[in-house]
Amino acid sequence: GAVVSQHPSWVICKSGTSVKIECRSLDFQATTMFWYRQFPKQSLMLMATSNEGSKATYEQGVEKDKFLINHASLTLSTLTVTSAHPEDSSFYICSARRQLDQPQHFGDGTRLSIL
Amino acid sequence: GDSVTQMEGPVTLSEEAFLTINCTYTATGYPSLFWYVQYPGEGLQLLLKATKADDKGSNKGFEATYRKETTSFHLEKGSVQVSDSAVYFCALSKNDTGGFKTIFGAGTRLFVKA
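Structural data, given as structure tokens:
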């Protein structure tokens, strides 16, 4: 079946540093990738939608300069949390979709802890 | 706007008990409906889906039927196992003028005791 790989699975870093999270579709070409944030015991909050080769579409309230998304190829999207602070600590999950009428496949998530 | 409402958890059951997790939705048009499962520390896995009214999605003993008349997509399983302990998310997807969106319910945590 389709697999989405997310890396790293867990990262701890100091306040002020930037962190990059990778999302790869391993056995299909993903025309669209999605980035979600999940707070403890809560549902997924969509942060942005990215289509290969174009700028990401951010949801209202999500800072574009804070959460940089790059979708340079059909199999890779990256989320960079710039100048991270403790309030950015969360579980970030990516998902990828082959085409419009296909379901989303999710990565295993990245737990980000900012000290 | 479009939304998904699912029963609050946690739901605690004994092994081999019958499971129902209610899910209702509000949406214009013809959304597709999904159930996802999230095990501790992991991302979401698609459990089952239905793309049109009266479709029944099924997988691993779980079932859900797309009921347009009641705007519901309740998840059921006849006999739960300890390994079914997880968080279950009901979701709808649709494509509209704002683009493709998936909307998730708040999630229902299931605990199954041996």
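From first to last, the protein sequence lines are chains A and B.
The first sequence begins at 3 in the numbering used here and counts up by one.
The second sequence begins at 16 in the numbering used here and counts up by one.
C-beta: ideal position from N, C-alpha, C; glycine also.
Owing to the predicted nature of the structure, the values given are computational and were not obtained by experimental measurement.
Query, Result
"Against chain A: residues of the stretch 93–122 of chain B by CB proximity under 7 Å", "104, 110, 114, 115, 117, 119, 120, 121 and 122"
"Buried/exposed call for residue 31 (chain A), threshold 16 Cβ in 10 Å", "exposed"
"Short CB-CB distance (under 8 Å) between residue 108 (chain A) and chain B", "yes"
"Cutoff 8 Å: residue 57 (chain B) Cβ touching any chain A Cβ", "yes"
"Contact list for residue 126 (chain B) against chain A, beta-carbon separation under 9 Å", "Going along chain A, no residue has its Cβ under 9 Å from residue 126 (chain B), so there is no contact; the nearest lies around 13 Å."
"Alpha carbon of residue 69 (chain B) to alpha carbon of residue 93 (chain B), nearest angstrom", "20 Å"
"Short Cβ contact (8 Å threshold) for residue 52 (chain B) with residue 120 (chain B)", "no"
"Residues of its chain near residue 40 (chain A), where Cβ-Cβ distance is below 8 Å and the 5 sequence neighbours each way are ignored", "46, 47, 92, 93, 94, 95 and 111"
"Residue 64 (chain B), buried or exposed, once every other Cβ within 10 Å from all chains shown has been counted against 16", "buried"
"Contact set between residue 92 (chain A) and chain B, taken where Cβ atoms lie within less than 9 Å", "The premise fails here: residue 92 (chain A) is roughly 14 Å from chain B at the closest Cβ pair, so nothing lies under 9 Å."
"Residue 6 (chain A) vs residue 20 (chain A) beta-carbon contact at 8 Å", "no"
"Three-state class that DSSP yields for residue 97 (chain A) in the structure shown", "strand"
"Cα-Cα separation between residue 33 (chain B) and residue 17 (chain A), rounded to whole angstroms", "47 Å"
"8 Å Cβ cutoff met for residue 59 (chain B) and residue 77 (chain B)", "no"
"Outcome for residue 27 (chain B) when other beta-carbon atoms lying within 10 angstroms are tallied against a minimum of 16", "exposed"
"Touch test, the stretch 42–57 of chain B against the stretch 50–63 of chain A, Cβ-Cβ under 8 Å, three pairs minimum", "no"
"Residue nearest to residue 80 (chain B) in terms of C-alpha spacing, selected from B:123, B:42 and B:38", "B:38"
"Cβ distance (whole Å) where residue 98 (chain A) is taken to contact residue 35 (chain A) below 8 Å", "5 Å"
"is_contact[residue 90 (chain B), chain A] using C-beta, thresh 8 Å", "no"
"Beta carbon proximity, residue 23 (chain A) to chain B, threshold 8 Å", "no"
"Under the three-state DSSP convention, the category residue 83 (chain A) falls into", "strand"
"Best match in A:37, A:68 and A:51 for proximity to residue 87 (chain A) [C-alpha to C-alpha]", "A:68"
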